[in-house]
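Under the UniProt record's numbering, think of the first position of the sequence shown as 1, with each following residue one higher.
Down below is the structure, laid out as structure tokens.
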Amino acid sequence: MLDTLDAAAVRRWCASGLAALKRHQGEIDELNVYPVPDGDTGTNLVLTLTSAQQALAMDLATLPDSGPTAHGHALRLMAQGALLGARGNSGVILSQILRGFADAAAAVPGVRGRELAAALRGATVAAYTAVARPVEGTMLTVVGAAALAAERAASEDLPAVA
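Right, here's the structure in full:
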């Protein structure tokens, strides 16, 4: 169980998220009906998160695994890589989710349960703000639900972040 988010955990989180997206890429592509039913959401998310992971890997030599700012630096690298490599609407939204998460998480020296919940709320706000006409039932709804679940867990004083 991870008690505090650090740069090494961010790298593992990115790799695990990418692996999960790759496993479910086809299913996500099939779910793609909004705003255009072109069946590429899973593919776009994989390509976008691949860019985020590459940004983390390129800075691996200078990125410390721990310390009060290591997690923030790693999260910002992920967000920047995602934005630069964003594909389609879903990729841009994912990059904004990562940016909102990074902005909130980097503002504190250690990310535990409550800070994780706040970072997910920041991710939700950033994602909704980035979309001109937000529609429920999309990835916006998913990030909002994740934030709500994290807030509920944090209110029960569960300190772990993973």
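Heads up, the beta-carbon is just placed ideally off N, CA and C, and yes, glycines get one too.
Residue P35 holds the alpha-carbon nearest to the alpha-carbon of R133 among D6, P35, T41. In this structure the stretch 86-103 touches the stretch 40-59; the number of beta carbon pairs closer than 8 Å is three or more. Following the DSSP letters along the chain, one finds A154 inside the alpha helix (DSSP H) bounded by residues 139-155.
Linking A20 to A86 through their CA atoms gives a straight-line distance of about 18 Å. Judged by DSSP secondary structure, T48 falls within the alpha helix (DSSP H) whose first and last residues are 41-58.
Judged by DSSP secondary structure, N89 falls within the alpha helix (DSSP H) whose first and last residues are 88-106.
For L5, the beta-bridge partners assigned by DSSP are V111. Bounds of the alpha helix (DSSP H) holding R76 are 70-84. In this structure G100 touches A123 by the C-beta definition: roughly 4 Å separates them, less than 8 Å. Taking the C-beta atoms as reference points, M78 is found nearer than 8 Å to A102.
At a Cβ-Cβ threshold of 8 Å, L31 and A105 do not count as neighbours.
A distance below 6 Å between beta-carbons, with the five flanking residues on each side excluded, links Q53 to the following residues of its chain, in chain order: C14, L18. Annotation for G72: A102, A105, A106, A107 place their beta carbon closer than 8 Å to its own, counting only its chain and skipping 5 residues before and after. Between the alpha carbons of V46 and R76 lies a gap of roughly 18 Å. The beta carbon of R114 sits closer than 7 Å to the beta carbons of A154 from its chain, once the five residues preceding and following it are set aside; these are given in chain order.
Linking V10 to T129 through their CA atoms gives a straight-line distance of about 24 Å. Selection L148, A146, R12 evaluated against A57 yields R12 as nearest (Cα-Cα).
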